[in-house]
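Protein chains in written order, with the numbering used here: chain A, 521 to 897; chain B, 15 to 241. Don't be surprised by glycine CBs; every beta carbon is placed ideally from N, CA and C.
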Ligand SMILES: [Zn+2]
């Protein structure tokens, strides 16, 4: 006689006491294994029982009663025992049980349906990807609310900031603030609140996180010859955010499953997955098409903001010379003369506008950043 | 299968004694040393398609090794990949445990291991992938954790909330729902708390004192980014 159920109660271990449950006309006879030959047995009439479904998949028959030892709960999973119970128990109990069984069926059915749907979506996604993956990625990205993007960027931002020295005020912060102000004024229906952080580091870099955090390293500001050059980089980075390039990358790297998930509407799952990616966000490398897009839209934005766009081109040209310093912006932004050339062509096509200078003096901003650029060995 | 934990604590090993002809399942890569009487067979549980679909959907390398004492009695030393405790459970044929996929170290021949699909939202939210392992049958089951293993005993209808990345194993008599860590999930994402499981008794929940994901993130900050 081997056990077919687990019994829980104050007198039993937390993992449940294995026991053998026998069903007959009088009710349940529960025989406990541990006591050996014929020791502990309890007979419970049907009238004392209440029945429900329980357990991880709602596939256990849960029987409760109050016995001599207080409240007792029995978990039955053995199919034979469940069948015997169903056949023998009086109708009102069977009714409860039928309801419980119905619940199980519903859960199973729903799960089968979800998996079937998932499989169907998966197959159609495979087909879809065959014909145009970028479109699907864009559809998926467009379904993600901006707030989620912000929270995602926020967590990556905090991870990053934990190890950095931030410059909170002064001419550099004011200058970047002015640039951002001029640029964002020209963005219609901007859903993002851009926050610029100046980090003290000789690294020549700047990056944007999904949702609107933009980080500029002092190294980049020291390297630039004018405010317009930095504004060019800023405009480029802002457009990575506006075009949701980070999200596109994430959705692409998470792959098919995510696309299926988002299309299915289970967007919460995505957040869980994205969370794991927050660190990777910081080293995110955009694709060539996204870079071109950020360049071109960045240039247009500069133009609208009446910031001299030739600063951007000049800066790109100088970066492509690849000289001193730790050019980290280069690692994520491979510079080529072709890139600058392309921007020159774009610029030529735009209507001429007379630029309005910034109110700050760039040399003074740079002076406030302290010592000259240290060339890394 | 007789088993004994050696060096309990952060860097334990388990010694498993096999009688002649006996065989056990072990996580691939768990074998540290063994008697010459023991043969190691790598086999894909659930057939090729099963293994493939698991690999495809979860990215895990879930292959078991079978250690078989084909040439007489012998012993094997098994160790997990990560630092952390080992716990030995005896299954009596009625108890069943769900084990997250990195938690399994070894099991006696009488232990039945099934890969089980979680419901879609559970799988996505818990970050443990879509498959968990269901352990049933009779015999010794050896689990390992990242950090120390802590056992939570739940009475019927008693509830307990566990950060899902700390889960190791739980009885199948418990049920759980996945929830946001705090009132708003947005807050939970930024506070780094992630998702939690609300367990409802009766049964046991084994948790690990360290979170592999957070540890990985912590390590990563020291790794210089090339490119
Ligand atoms: Zn870029």
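Closer than 7 Å to chain A by CB, residue i
i                      : result
residue 189 of chain B : yes
residue 43 of chain B  : no
residue 218 of chain B : yes
residue 63 of chain B  : With a pLDDT of only 46 at residue 63 of chain B, under 50, the local geometry of the prediction cannot be trusted, and the value read off the model is given with reservation. Residue 63 of chain B does not count as touching chain A.
residue 179 of chain B : no
residue 150 of chain B : no
residue 186 of chain B : yes
Chain B contact for residue i (CB, 7 Å cutoff)
i                      : result
residue 595 of chain A : yes
residue 576 of chain A : yes
residue 665 of chain A : no
residue 538 of chain A : yes
residue 535 of chain A : yes
residue 566 of chain A : no
residue 522 of chain A : yes
residue 528 of chain A : yes
Three-state secondary structure (DSSP) of residue i
i                      : result
residue 544 of chain A : strand
residue 619 of chain A : helix
residue 680 of chain A : helix
residue 188 of chain B : coil
residue 138 of chain B : Residue placement at residue 138 of chain B is poorly supported in this model, since its pLDDT is 48, which falls under 50; the coordinates still yield a value, given next. The answer is helix: DSSP assigns residue 138 of chain B an H, G or I state.
residue 109 of chain B : coil
residue 532 of chain A : coil
residue 216 of chain B : coil
residue 159 of chain B : coil
residue 172 of chain B : coil
residue 51 of chain B  : coil
residue 35 of chain B  : coil
residue 237 of chain B : coil
residue 93 of chain B  : coil
residue 580 of chain A : strand
residue 675 of chain A : helix
residue 98 of chain B  : strand
residue 17 of chain B  : strand
Extent of the continuous beta strand (DSSP E) run through residue i
i                      : result
residue 874 of chain A : It is not in any beta strand (DSSP E) - residue 874 of chain A carries neither H nor E in the DSSP assignment.
residue 977 of chain A : What the structure shows of chain A is the stretch from 521 to 897, and residue 977 of chain A is not part of that stretch, so it cannot be assessed.
residue 80 of chain B  : 78-82
residue 30 of chain B  : 27-32
residue 233 of chain B : First-last for residue 233 of chain B: 226-234, but that is the alpha helix (DSSP H), not the beta strand (DSSP E).
residue 831 of chain A : Taken as a continuous stretch (DSSP letters only), residue 831 of chain A belongs to no beta strand (DSSP E), being part of the alpha helix (DSSP H) at 830-840.
residue 118 of chain B : 118-122
residue 573 of chain A : 570-574
residue 562 of chain A : 561-565
residue 727 of chain A : 726-728
Start and end residues, alpha helix (DSSP H) containing residue i
i                      : result
residue 886 of chain A : 882-888
residue 755 of chain A : 747-762
residue 703 of chain A : 691-704
residue 879 of chain A : Counting along the chain, residue 879 of chain A falls outside any alpha helix (DSSP H), and DSSP gives it neither H nor E.
residue 742 of chain A : 738-743
residue 812 of chain A : 808-824
residue 601 of chain A : 599-608
For the segment 152-171 of chain B, enumerate the residues whose C-beta is nearer than 8 Å to any C-beta of chain A, in chain order.
-> Within the segment 152-171 of chain B, the residues whose Cβ lies closer than 8 Å to some Cβ of chain A are 167, 168, 169, 170, listed in chain order.
| query | Taking Cβ-Cβ distances below 7 Å as the criterion, which residues of the segment 101-121 of chain B are in contact with chain A? | reply | Hits within the stretch, in order: 106, 107, 108, 109, 112.
Report yes or no: do three or more beta-carbon pairs, one from the segment 211-230 of chain B and one from the segment 537-549 of chain A, lie closer than 8 Å? Contact between the segment 211-230 of chain B and the segment 537-549 of chain A is absent, because fewer than three Cβ pairs lie under 8 Å.
Report the residues of the segment 225-236 of chain B with a CB closer than 9 Å to any CB of chain A, ordered along the chain.
-> For the segment 225-236 of chain B, the residues whose beta carbon sits under 9 Å from a beta carbon of chain A are, in order, 227, 230, 231, 234, 235.
query: Should the segment 871-881 of chain A be regarded as contacting the segment 707-720 of chain A, the criterion being three or more beta carbon pairs within less than 8 Å?
result: The segment 871-881 of chain A, when compared against the segment 707-720 of chain A, does not touch it at the 8 Å Cβ threshold.
Q: Anything in the segment 698-732 of chain A with a Cβ closer than 7 Å to a Cβ of chain B? List those residues in chain order, please.
A: For the segment 698-732 of chain A, the beta-carbon criterion of a distance under 7 Å to any beta-carbon of chain B is satisfied by none of its residues.
- Query: Any contact of the segment 98-111 of chain B with the segment 149-159 of chain B, i.e. 3+ C-beta pairs under 8 Å?
  - Reply: Contact between the segment 98-111 of chain B and the segment 149-159 of chain B is present, because at least three Cβ pairs lie under 8 Å.
For the segment 601-619 of chain A, enumerate the residues whose C-beta is nearer than 8 Å to any C-beta of chain C, in chain order.
The chain inventory of the structure shown lacks chain C, comprising the protein chains A and B.
Pairs of beta-carbons, one from the segment 622-634 of chain A and one from the segment 597-612 of chain A, closer than 8 Å: are there three or more? Using a C-beta cut-off of 8 Å, the segment 622-634 of chain A makes no contact with the segment 597-612 of chain A, since fewer than three inter-stretch Cβ pairs fall below that distance.
Quiz prompt | Members of the segment 578-590 of chain A near chain B, C-beta cut-off 8 Å | solution = Those residues of the segment 578-590 of chain A that come within reach of chain B (Cβ to Cβ, closer than 8 Å) are 578, 580, 584.
* Would you check if there are 3 or more beta carbon pairs closer than 8 Å linking the segment 170-182 of chain B to the segment 558-567 of chain A? => No, because fewer than three Cβ pairs between the segment 170-182 of chain B and the segment 558-567 of chain A fall closer than 8 Å, the two stretches do not touch.
- Task: Specify whether the segment 745-758 of chain A and the segment 695-703 of chain A touch according to this definition: at least 3 beta carbon pairs, one from each stretch, less than 8 Å apart.
- Result: Segment contact: the segment 745-758 of chain A against the segment 695-703 of chain A, three or more CB-CB distances shorter than 8 Å; contact assigned.
Within 8 Å, do at least three Cβ pairs link the segment 22-34 of chain B to the segment 762-769 of chain A? Counting Cβ pairs under 8 Å, fewer than three are found: no touch.
Across the segment 713-729 of chain A and the segment 34-51 of chain B, are there enough close Cβ pairs to call them in contact, namely three or more that are closer than 8 Å?
Put simply, the segment 713-729 of chain A does not touch the segment 34-51 of chain B. Fewer than three CB pairs are less than 8 Å apart.
When the Cβ atoms of the segment 731-748 of chain A are set against those of the segment 862-870 of chain A, are three or more pairs found closer than 8 Å? These segments do not touch.
task: Decide if the segment 159-179 of chain B is in contact with the segment 91-102 of chain B; the criterion is three or more beta carbon pairs, one per stretch, under 8 Å apart.
output: Yes, since at least three Cβ pairs between the segment 159-179 of chain B and the segment 91-102 of chain B fall closer than 8 Å, the two stretches touch.
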